[in-house]
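Notes to accompany the following structure.
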Amino acid sequence: MKSQTEYRLKSPPDDAISSVKFGPNTNQFLLVSSWDGVVRLYDVAANILRHKYGQDSPVLDCCFTDAVHSYSGHLDNTLKTYDFNVNSESLIGTHNNAIKCVEYCSDVNGILTGSWDHHLKLWDPRTPMCSGSYNQGDKVYAMSVCGEKLVVGTAGRKILVWDIRNMSYALQKRESSLKYQTRAIRCFPNKQGFVLSSIEGRVAVEYLDTNPDVQKKKYAFKCHRIKEDGTEKIYPVNAISFHPGHNTFATGGSDGYVNVWDGFNKKRLCQFHQYPTSITSLSFSHNGSVLAIACSYFLEEDNPPNPLPEDAIYIRTVTDQETKPKHSSS
Amino acid sequence: MGRKKKKMSKPWCWYCNREFEDEKILIQHQKAKHFKCHICHKKLYTGPGLSIHCMQVHKETIDKVPNSMPNRSNIEIEIYGMEGIPPNDLREHEKQKQGARGNDSGSDDDEPTNKKIKQEGLLGNAPGMMQTMPGLMQGMMPPPGMPPGMQMGHMMHMGHPFHMHPGMQMMGAPPHMMHMQGQAGPPKPLFPSAIPTSSPGAPIVGADFKPISSGATISAPPTTNTPSSSSSDTSKVATIVTSGGASKIVHPNEDISLEEIRSRHPRYARSSKQDDTASNASSNAASELAIAVSAAQQAAVHQAKQQEAIASMNHAMMQRFPVRVSGPPLTMAALQGGQTVMAPVRHHAMIPGPPTLIGGHLMRPPHLGMNMPPGMIGMPPGMMYGAPMFPTGPMMLQPRFR
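Chains A and B supply the protein sequences, listed in that same order. Take the first sequence: its letter number 150 is residue 151 in the working numbering, and every next letter is one higher. Take the second sequence: its letter number 210 is residue 223 in the working numbering, and every next letter is one higher.
Take a look at the structure:
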């Protein structure tokens with residue numbers, strides 16, 4: 002069963018995988034950034050490594066802007082781009098500290114980078130220049146674009162919501178509804194809200210609309226916990242990815258599990274088998290038929306397993322049964 | 014507070030004492046939680062139904078209704094929704110509710126208590142493996158459609174943990190309770206803590222999270238709360254060993270991201286060149302404004318210093334005419350990509366712009382200019398203004414140019 006619905010990509014990265022992202026309009030191409038300093042482009046259908054670039058500094062995040070251009074944020078503070086057509090890499094700019102998040106906003110055709118230097122920068126892909134830098138008050142840990150809105154999660158459990166068209170002020174400043182450090186944020190494809198995860202096996206569903214009636218609907222739930230010998234191990238929830246069509250989402254934790262949730266109906270739709278080690282990134286393809294699962298040990302534990310688990314990327318074909326809400330909320 | 018509606022008692026589940034808005038939902042709850050076969054996950058209609066199913070299909074005997082309170086686990090009794098509840102229990106429940114309602118908080122008070130019991134039982138149930146994956150329904154909170162009801166109202170006004178909506182028990186418990194629950198078992202149930210987390214008033218900003226903070230796991234920033242954390246040396250301690258030692262967060266002690274911890278590894282030392290001073294400076298000094306301004310300045314900085322001077326002179330003008338600073342240099346910068354210059358430029362960026370630049374966003378226009386395709390550069394300033402740099406941009410930006 003496993004072999005049919007799921008397979009491992011050949012020639013995986015040599016170090017921890019920081020991010021996997023499917024191309025904008027394809028099930029075929031997957032962009033993968035890794036701590037080995039290399040950004041790789043895989044042809045998932047053929048299971049081959051098509052391109053790779055970079056080599057010096059660990060890559061913390063990457064994104065596509067279109068089918069042939071990628072952007073990557075590096076630990077050495079740099080933002081780089083790569084053109085897969087002409088195989089050319091270029092430096093776009095820098096932050097004052099490592100770039101943790103790179104997102105593309107198609108609505109304004111801008112690249113957004115979030116850094117540990119507390120700042121968010123906006124870049125125009127056409128002329129590789131920084132078109133604005135915005136203080137987030139603390140290290141940026143996670144962010145996600147939602148139409149023309151941007152949700153940023155920083156250290157200190159702060160959440161900021163920006164309108165990318167008008168970055169002169171933050172639309173909303175919230176405190177995370179989760180008690181522990183923010184780990185990941187993803188926005189609902191329907192733009193109503195976002196999902197937030199923390200290091201303490203918990204996920205919150207929140208809404209952007211500040212109307213009290215809408216805000217009432219927000220909630221949080223526990224997940225990615227394993228009871229072992231009477232002790233409950235609570236794992237960070239490292240990855241979230243939305244199914245583009247159904248508004249359901251997958252979460253991946255350091256427990257090695259991937260769960261698929263229906264956030265509006267508060268249900269879990271399914272859980273896949275346990276992967277060898279932490280799930281560090283997840284990405285649904287544009288039509289939601291395939292889920293890429295990045296699996297890397299991430300030094301969560303005091304005593305790391307020996308030998309260290311291999312870094313791997315699994316490509317899993319998912320069905321509507323696994324990703325579609327069973328019934329809509331009344 | 015929310016008493017009027019409660020005069021008519023709500024449907025409740027005999028097995029776990031939980032109240033529901035609607036009998037339909039109660040029935041769903043029972044099917045999902047109490048009448049579901051743990052082997053094939055088929056949902057039966059009654060306790061006896063479940064027992065017969067298990068007997069006939071799986072050859073297994075079930076002696077207790079799953080997820081029920083200890084004294085309500087009788088599988089023989091045929092209960093469907095509110096039908097079939099032993100009259101005694103019905104009366105007692107009624108009485109309890111009534112009595113509880115006497116004081117304001119009562120009714121809600123005892124409910125979460127009951128819930129808690131149930132919850133724990135449930136939790137202890139099948140920790141290891143999400144029990145049966147379709148344990149889905151297990152933790153299901155009141156169906157989403159369910160109106161918040163007035164219990165919500167309670168909670169919001171008082172922010173008292175015990176006034177939680179049934180769905181809130183987990184989060185609703187005060188921190189120490191929380192952890193007791195943690196010990197009770199892993200939250201197999203789905204969305205066990207699903208809670209509407211909101212306040213009536215200010216929905217934005219931390220304010221609206223107050224109710225959560227007080228009532229939920231989350232009490233205040235990690236700084237103060239961490240009743241559970243054994244090691245609360247730093248203000249933000251991420252590692253938690255609950256008092257009972259029954260749960261552990263698998264995360265290093267420090268409350269910084271795993272990536273930051275990883276980046277300290279000698280292996281990566283070469284590439285992590287964070288400039289602490291700069292970053293500090295940026296956080297302190299750099300109001301977003303200054304940054305924005307300086308960011309805008311980058312354009313100018315790309316040129317020679319004199320041009321920078323020109324640029325800043327032009328800034329005043331730009332306030333009225335959001336046009337790129339000085340045509341040719343910008344073009345150059347654009348064409349050259351100017352990447353290599355970026356790093357030094359950043360330092361400039363840390364220097365708050367001259368006072369004339371106040372209103373950082375005003376500075377963006379030059380970038381818009383810069384971002385124009387080179388061909389556009391030659392266009393008259395006026396054109397630049399309306400040029401659709403960001404598809405949606407110009408319209409939105411306009412006001413800021415004033």
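Built from N, CA and C at the ideal position, the CB exists for glycine as well.
Where residue i falls, given that 16 or more other Cβ within 10 Å makes a residue buried
i, result
"arginine 158 of chain A", "buried"
"valine 238 of chain A", "buried"
"asparagine 97 of chain A", "buried"
"leucine 309 of chain A", "exposed"
"histidine 66 of chain B", "buried"
"tyrosine 170 of chain A", "exposed"
"asparagine 191 of chain A", "exposed"
"glutamate 89 of chain B", "exposed"
"threonine 74 of chain B", "exposed"
"arginine 31 of chain B", "buried"
"valine 141 of chain A", "buried"
"asparagine 110 of chain A", "buried"
"asparagine 88 of chain A", "exposed"
"methionine 68 of chain B", "exposed"
"arginine 277 of chain B", "exposed"
"glutamine 311 of chain B", "Because glutamine 311 of chain B carries a pLDDT of 45, less than 50, the predicted location of this residue cannot be relied on, and the following value inherits that uncertainty. Answer is buried; the Cβ neighbour count reaches 16."
"glutamate 311 of chain A", "exposed"
"lysine 268 of chain A", "buried"
"glutamine 322 of chain A", "exposed"
"glutamate 107 of chain B", "exposed"
"glutamine 56 of chain A", "exposed"
Within chain A, partners of residue i - CB distance below 8 Å
i, result
"alanine 259 of chain B", "Gly231, Thr232 and Glu233"
Between the CA atoms of residue j and residue i - distance to the nearest angstrom
i, j, result
"cysteine 64 of chain A", "serine 71 of chain A", "6 Å"
"threonine 320 of chain A", "asparagine 288 of chain A", "11 Å"
"asparagine 84 of chain B", "tyrosine 58 of chain B", "20 Å"
"histidine 189 of chain B", "lysine 72 of chain B", "Residue confidence for histidine 189 of chain B is low, a pLDDT of 41 falling below 50, so the modelled location carries little weight; the figure read from the coordinates is stated next. So the two alpha carbons sit approximately 43 Å from each other."
"valine 40 of chain A", "serine 19 of chain A", "10 Å"
"arginine 275 of chain B", "phenylalanine 285 of chain A", "26 Å"
"tryptophan 27 of chain B", "glycine 257 of chain A", "38 Å"
"lysine 55 of chain B", "methionine 95 of chain B", "21 Å"
"threonine 252 of chain A", "glutamate 7 of chain A", "17 Å"
"glutamate 229 of chain A", "glutamine 275 of chain A", "15 Å"
"tyrosine 135 of chain A", "glutamine 43 of chain B", "51 Å"
"alanine 185 of chain A", "glutamate 201 of chain A", "12 Å"
"isoleucine 165 of chain A", "phenylalanine 23 of chain A", "23 Å"
"cysteine 53 of chain B", "tyrosine 220 of chain A", "30 Å"
"lysine 17 of chain B", "glutamate 36 of chain B", "Bear in mind that the predicted position of lysine 17 of chain B carries a pLDDT of just 46, short of 50, making it too unreliable to give a figure here."
"proline 277 of chain A", "glutamate 105 of chain B", "52 Å"
"alanine 259 of chain B", "glutamate 302 of chain A", "17 Å"
"leucine 197 of chain A", "serine 132 of chain A", "28 Å"
"aspartate 37 of chain A", "leucine 63 of chain B", "55 Å"
"alanine 387 of chain A", "alanine 240 of chain A", "Here chain A comprises residues numbered 2 to 331, so residue 387 of chain A is not present and cannot be evaluated."
Per DSSP, the bridge partner or partners of residue i
i, result
"lysine 174 of chain A", "A/Leu161"
"tryptophan 262 of chain A", "A/Phe250 and A/Arg269"
"asparagine 167 of chain A", "A/Asp164"
"methionine 144 of chain A", "A/Val153"
"serine 89 of chain A", "A/Asp84"
"tryptophan 124 of chain A", "A/Ile112 and A/Cys131"
"aspartate 67 of chain A", "A/His70"
"tyrosine 236 of chain A", "In DSSP, tyrosine 236 of chain A forms no bridge with anything."
"lysine 136 of chain A", "Correcting the residue identity first, residue 136 of chain A is asparagine in this sequence and not lysine. DSSP output for asparagine 136 of chain A lists A/His120 as bridge partner(s)."
"tryptophan 25 of chain B", "B/Glu32"
"cysteine 188 of chain A", "A/Phe195"
"aspartate 44 of chain A", "A/Phe30 and A/Ile49"
Contact set between residue i and chain B, taken where Cβ atoms lie within less than 8 Å
i, result
"serine 89 of chain A", "Those do not exist, as serine 89 of chain A stays about 11 Å from chain B at its closest Cβ, beyond 8 Å."
"tryptophan 36 of chain A", "Arg275 and Tyr281"
"phenylalanine 299 of chain A", "Leu271 and Arg275"
Within chain B, partners of residue i - CB distance below 7 Å
i, result
"tyrosine 142 of chain A", "Ser270"
"phenylalanine 250 of chain A", "Near phenylalanine 250 of chain A there are no residues of chain B at all, since even the closest Cβ is about 13 Å away, more than 7 Å."
"glutamate 323 of chain A", "Residues of chain B passing the Cβ test: none, with the nearest at roughly 11 Å."
Neighbour list for residue i in chain B, Cβ cutoff strictly below 9 Å
i, result
"alanine 313 of chain A", "None at all; the shortest Cβ gap to chain B is about 18 Å."
"tyrosine 236 of chain A", "Ile262, Val263 and His264"
Residue i: CB within 6 Å of a non-hydrogen atom of the ligand NAP
i, result
"glycine 74 of chain A", "You won't find the ligand NAP in this model; it holds no ligand whatsoever."
When you compare the stretch 82 to 91 of chain A with the stretch 115 to 123 of chain A, are there three or more beta-carbon pairs, one atom per stretch, that lie closer than 8 Å?
Verdict: no, contact absent.
Does the stretch 258 to 265 of chain A come close enough to the stretch 259 to 278 of chain B that 3 or more CB-CB pairs lie under 8 Å?
No, because fewer than three Cβ pairs between the stretch 259 to 278 of chain B and the stretch 258 to 265 of chain A fall closer than 8 Å, the two stretches do not touch.
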